[in-house]
Every structure is written in structure tokens, then in C-alpha cells.
Amino acid sequence: MKSLPRKLLLLFGLIGMLTHPLTGQEIHIEEKFALVGFATLDGGTTGGQGGEIVTASTGYEIEEVIGEKQDGEYPDGLNIIVNGTISQDNTEESKISVKDLSDLSIIGQDSSGIFDGIGIKIWKASNIIIRNLTIHHVSEGEGDCVSIEGPADHIWVDHCTLYNDLDHDKDYYDGLLDAKRDCDYITISWNYLHHSYKTSLVGSSDDDVYNRRLNYHHNWIDTCNSRLPAYRFGHGHIFNNYYSRNIETGINARQGADLVIEKNYFENMLNPIGYWYSDSTGYWNLSDNLFVNCEGSQPTTSTTDYVPPYEYRAVLDSVENVKSTVMKYAGAGVISTTTATREEKPIFPTDFYISAAYPNPFNPVTTIDYHLPGDSPVQISVTSIRGEVIHAAQINGTNETRHFTFDGAQLSSGIYFVRFEAANYQTTRKIILVK
Numbered sequence: 000m001k002s003l004p005r006k007l008l009l010l011f012g013l014i015g016m017l018t019h020p021l022t023g024q025e026i027h028i029e030e031k032f033a034l035v036g037f038a039t040l041d042g043g044t045t046g047g048q049g050g051e052i053v054t055a056s057t058g059y060e061i062e063e064v065i066g067e068k069q070d071g072e073y074p075d076g077l078n079i080i081v082n083g084t085i086s087q088d089n090t091e092e093s094k095i096s097v098k099d100l101s102d103l104s105i106i107g108q109d110s111s112g113i114f115d116g117i118g119i120k121i122w123k124a125s126n127i128i129i130r131n132l133t134i135h136h137v138s139e140g141e142g143d144c145v146s147i148e149g150p151a152d153h154i155w156v157d158h159c160t161l162y163n164d165l166d167h168d169k170d171y172y173d174g175l176l177d178a179k180r181d182c183d184y185i186t187i188s189w190n191y192l193h194h195s196y197k198t199s200l201v202g203s204s205d206d207d208v209y210n211r212r213l214n215y216h217h218n219w220i221d222t223c224n225s226r227l228p229a230y231r232f233g234h235g236h237i238f239n240n241y242y243s244r245n246i247e248t249g250i251n252a253r254q255g256a257d258l259v260i261e262k263n264y265f266e267n268m269l270n271p272i273g274y275w276y277s278d279s280t281g282y283w284n285l286s287d288n289l290f291v292n293c294e295g296s297q298p299t300t301s302t303t304d305y306v307p308p309y310e311y312r313a314v315l316d317s318v319e320n321v322k323s324t325v326m327k328y329a330g331a332g333v334i335s336t337t338t339a340t341r342e343e344k345p346i347f348p349t350d351f352y353i354s355a356a357y358p359n360p361f362n363p364v365t366t367i368d369y370h371l372p373g374d375s376p377v378q379i380s381v382t383s384i385r386g387e388v389i390h391a392a393q394i395n396g397t398n399e400t401r402h403f404t405f406d407g408a409q410l411s412s413g414i415y416f417v418r419f420e421a422a423n424y425q426t427t428r429k430i431i432l433v434k
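Residue numbers for the sequence shown follow numbering that gives the first Met the number 0, beginning at 0 and rising by one.
Put into C-alpha cells, the structure is as follows:
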């Protein structure tokens with residue numbers, strides 16, 4: 000198999016800026032699409048980053064290079080760029096099996112990576128990335144567009160388009176994206192899932208008791224029957240998704256699943272959030288979800304205080320903007336291959352990072368996230384527009400994200416400045432107190 004020249008992969012295939020709807024801060028599009036969530040924990044998920052880059056246009060070619068990876072080739076990682084339509088006609092097996100390996104990415108070439116009638120199964124695998132693929136009408140193999148079955152961990156499924164149809168009966172196809180048994184540390188982001196009876200199942204039965212950890216964010220889930228997802232056991236975080244025109248049930252928290260459901264936009268939905276079809280309920284921590292023309296179960300009271308153990312506010316959108324943002328940027332063909340295969344930027348870089356204040360204007364409390372470079376101390380000061388020092392402190396830096404919270408309850412309305420200084424870096428954020 001021939002590799003693409005590495006220099007080609009250093010080019011930025013997607014450039015531009017977005018304005019963060021909560022903070023007003025300009026952010027790079029590629030940072031908006033960077034990995035966030037459970038897949039960043041416990042060592043993170045990098046896929047084939049830093050390894051060989053190989054193109055494939057048939058299932059035979061994908062199977063061949065995966066076999067080489069299983070045999071010990073590509074020890075530094077492998078990126079398979081799919082440029083063509085993968086079907087049962089050009090694949091030996093009934094599915095693309097990602098098994099007994101780690102450090103692999105399968106990424107579509109712009110809009111040309113298509114799986115027609117055949118899906119991908121990830122099992123006995125670790126550190127796997129699936130991006131920018133269109134997978135549809137899967138009736139062979141597992142019957143899923145993407146199937147994750149443990150033991151499997153650190154999986155990222157991003158910017159894919161997955162769909163079947165509603166023309167057949169409910170059991171003709173299986174799920175669009177399922178996670179079963181002991182799989183863990185999974186992020187499902189910026190995908191377009193549509194026209195399916197069985198959408199996304201987490202846990203295959205009421206006896207599938209593993210403590211899975213998955214998060215779903217910025218996905219567009221449209222014209223589906225149920226399982227949005229159906230989540231048994233474990234912990235989950237579901238935020239900034241746009242749900243539209245489902246048929247039966249939406250997010251189904253079952254069998255003790257502990258879910259954070261935050262800033263999702265539900266429109267023309269029946270039963271957006273609830274508990275169905277199991278002996279015992281799951282639990283939900285609800286925050287600022289929007290229901291537009293919905294009927295049935297629409298709870299607004301939380302039944303758990305679970306919070307996700309990672310930072311994600313840099314990509315969190317206001318619920319009013321979720322529909323337009325997700326419809327514009329979810330699904331395959333949005334990111335380019337060069338963006339998807341280059342080294343991913345973390346949401347918070349390893350050097351100095353300062354977010355915009357949120358909220359801003361504020362009353363009476365606002366917060367600024369900052370990331371410190373190693374052991375470098377940081378000076379934080381707050382001054383009035385006249386230069387009066389309101390607050391001053393020195394903090395010993397560690398390589399982690401922290402939050403500076405400023406309380407203006409005792410101050411008058413007006414403009415204030417928060418200044419951060421560390422090593423040779425300094426920056427100022429303007430905050431506006433309105434009472």
C-alpha cells in the first residue's frame with residue numbers, strides 16, 4: 000500500500016474563525032472540533048496520530064492494511080484514508096472488523112469516504128478514531144453502522160453521517176451507533192444520525208451491567224424512532240445535541256444509568272427524555288434544555304447530581320444556538336482530511352491559555368478559565384477603569400486547567416480589567432458588571 004506524503008498532511012484543510020456564543024471569544028474552527036469528553040481521560044485518544052498514512056478505496060484494501068497492523072506493522076500508529084465506496088462487493092468479510100489492535104484512525108477523504116451497506120465493528124481494540132465517513136443502509140455483519148463492543152476503550156466517532164431508512168420494518172436494520180459490554184472512554188461528536196428505527200444503544204440488555212462512560216455532543220439526530228440514546232448503566236454526558244422529529248422515544252435513561260443532559264435543543268419530539276422498557280429507571284441531571292413543539296415526557300427536575308469529570312466549556316454553546324450550529328457543522332464532509340489527520344490541538348493547550356469571561360456582562364459573579372504552563376507562577380489582578388486595584392493574588396502554576404471566579408457583589412456597576420501574568424506571557428480580559 001502506498002502512503003501519502005507526510006508534508007501534505009501538515010496543511011490546514013479547514014481554516015477560519017467562529018465566535019463562541021457564550022463568551023463572545025473568537026475560536027479556530029479546528030479547536031471547536033477538537034476532541035473533548037470521556038475519550039480525553041486516562042491517557043486520551045489519539046488514534047493513528049504520528050503513524051503511517053495509507054489510502055484505501057476498497058474494503059479489500061482496508062482489510063489488508065488492518066491485517067498488517069494486527070501482525071505488528073505500523074507500530075507508531077496507522078491512519079487509513081478512505082477514498083471510495085466500500086461495499087460488500089469489494090470486501091471479503093461482512094463487516095470491517097477493527098479487532099486486536101490499537102492506535103488506528105479510519106478517516107474519510109473529504110466527502111468520498113462512503114460505506115454502502117457495510118459497517119465497522121470495533122472490539123478488543125483501544126485508541127481508535129472514526130471520522131468523516133458516511134455509513135448507510137447496513138444489513139450485513141452486525142447490522143450496525145458503527146458497533147463498539149467491549150473490551151474496547153478510548154474511541155472517538157466524529158463528523159460521520161449514519162443513516163438507514165424507515166421504509167422497512169423495525170428489525171430490518173440494527174443500530175446506527177451502538178456500544179455494548181465493557182467499552183469505556185468514548186466520545187461521539189458532530190455526527191448526523193437520521194432515518195433509523197434503532198439509533199444508538201448503550202448496553203445490549205438489562206444484564207449488560209458494565210460502567211460504560213460515553214458522551215454525545217453536537218450531534219444532529221433527525222427522524223429517528225427511538226434510542227437517542229437508550230442508555231443502560233454507567234455514566235453519560237449528553238450536551239448541545241439537536242434532536243428533531245423523532246417518532247417514539249428520545250433519551251432513555253434505564254437501569255441506573257447516571258446522565259447529565261445539558262443544553263440540548265429538542266424540536267417536534269415525542270417523549271424527549273424519560274425511562275422506558277426496563278425494570279428500573281436511570282437518572283438525569285438536567286440543565287437548560289429547550290423543548291420546542293414537543294409532547295410527552297419532558298422532565299425539568301433532576302434526579303441525580305452527577306457532573307462530568309472533564310472540562311468542556313470551551314466548546315459549550317448556548318442552547319438557543321445549538322440548532323443552527325449543529326445543522327451547519329455536523330456530519331461528514333465538513334472537516335477535511337488534512338485537518339482530521341494532523342496532530343489534534345487539545346481544547347486547553349499545554350502552554351498559557353486564558354478564556355473570555357463568562358458570563359459577560361455579569362451580575363454579580365463571572366468566571367475565567369486559565370491553563371498554567373508547568374510550575375510557572377501566575378499573577379492575577381483586577382483593577383477598575385480608574386486603575387484602582389480591586390483584587391491581587393499570586394498562584395503557583397501546575398499543568399492543569401483552573402478557574403478564576405470574581406464576585407462583584409460589593410462593587411458598583413462598571414468596567415473592570417482582569418490581568419494575568421506568567422513568565423513572559425501577559426494578557427488582560429475586560430469584564431462588565433451590570434446591576
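We put the beta carbon where it would ideally sit given N, CA and C, even for glycine.
Asked                                                                                                         : Found
Local conformation of Y305 per DSSP, three classes                                                            : coil
The beta strand (DSSP E) enclosing G235, as first and last residue numbers                                    : 234-238
Those runs of the beta strand (DSSP E) which lie wholly inside the region 65-151 and span at least 3 residues : 77-86, 95-115, 119-130, 133-135
First through last residue of the beta strand (DSSP E) which encompasses S383                                 : 377-383
C-beta atoms of A178 and V201 nearer than 7 Å                                                                 : yes
L323 classed as buried or exposed, judged by whether at least 16 other C-beta atoms fall within 10 angstroms  : Just to set this straight, residue 323 is Ser in the shown sequence, not Leu. By the neighbour-count rule (16 or more Cβ atoms within 10 Å), S323 is not buried but exposed.
Opposing strand residues paired with Q393 [DSSP bridges]                                                      : Q378
Pick from D287, D181, A421, F265 that is closest to G233, judged by C-alpha positions                         : D181
Short Cβ contact (7 Å threshold) for S277 with E247                                                           : no
T44 burial status per 10 Å Cβ neighbour count (16 or more: buried)                                            : buried
F37 - partner residues in DSSP beta bridges                                                                   : None; F37 has no bridge partner.
8 Å contact criterion, which A331 and G107 should meet: CB distance rounded                                   : 6 Å
Whether I52 touches N78 by CB criterion (7 Å)                                                                 : yes
Which residues DSSP lists as bridging A229, in chain order                                                    : L200, N251
Residue from R212, Y73, L285 whose Cα sits closest to the Cα of L40                                           : R212
Residue burial classification, Q378 (beta-carbon count within 10 angstroms, cutoff 16)                        : exposed
Beta-carbon spacing of I113, T84 below 7 Å                                                                    : yes
Cα-Cα separation between S279 and Y328, rounded to whole angstroms                                            : 36 Å
Given S101 as reference, the closest of P74, G413, V81, D88 once Cα atoms are compared                        : P74
Whole-Å CB distance - G46 paired with S96, under 8 Å assumed                                                  : Not a contact, Cβ separation roughly 17 Å.
Assigned exposure category for I134 - 16 Cβ within 10 Å defines buried                                        : buried
Host beta strand (DSSP E) of P179 (start-end)                                                                 : Note on residue identity: the sequence assigns Lys, not Pro, to residue 179. It spans 176-179 - the beta strand (DSSP E) in which K179 sits, taken as one unbroken run.
Short Cβ contact (7 Å threshold) for G255 with G281                                                           : yes
CB-CB length for H194 against C159, believed under 8 Å                                                        : Actually they do not touch by this definition, with Cβ atoms about 15 Å apart.
8 Å CB neighbourhood of V259 in its chain, flanking five on each side removed                                 : G235, H236, I237, F238, W283, N284, S286, Y305, V306, P307
Cβ-Cβ distance between R428 and I334 below 7 Å                                                                : no
Nearest-angstrom beta carbon gap, Y241 and Y274 [assumed within contact, 8 Å]                                 : No, Y274 and Y241 are not in contact; Cβ-Cβ is about 22 Å, not under 8 Å.
Distance CB(Y59)-CB(N82) smaller than 7 Å                                                                     : no
CB-CB length for V364 against F405, believed under 8 Å                                                        : 7 Å
Of the residues I220, D206, Y215, the one placed nearest R231, counting alpha carbons only                    : D206
Distance CB(K68)-CB(E141) smaller than 7 Å                                                                    : no
Same chain only: Cβ atoms within 6 Å of S412, ignoring 5 sequence neighbours per side                         : L432, V433, K434
Endpoints, the beta strand (DSSP E) within which S286 is located                                              : 282-286
Secondary structure of K169, DSSP reduced to three states                                                     : coil
Expected contact under 8 Å - CB spacing of L269 and E294 to nearest Å                                         : 5 Å
Same chain only: Cβ atoms within 8 Å of I61, ignoring 5 sequence neighbours per side                          : A55, I79, V81, I85, T90, I95, I105
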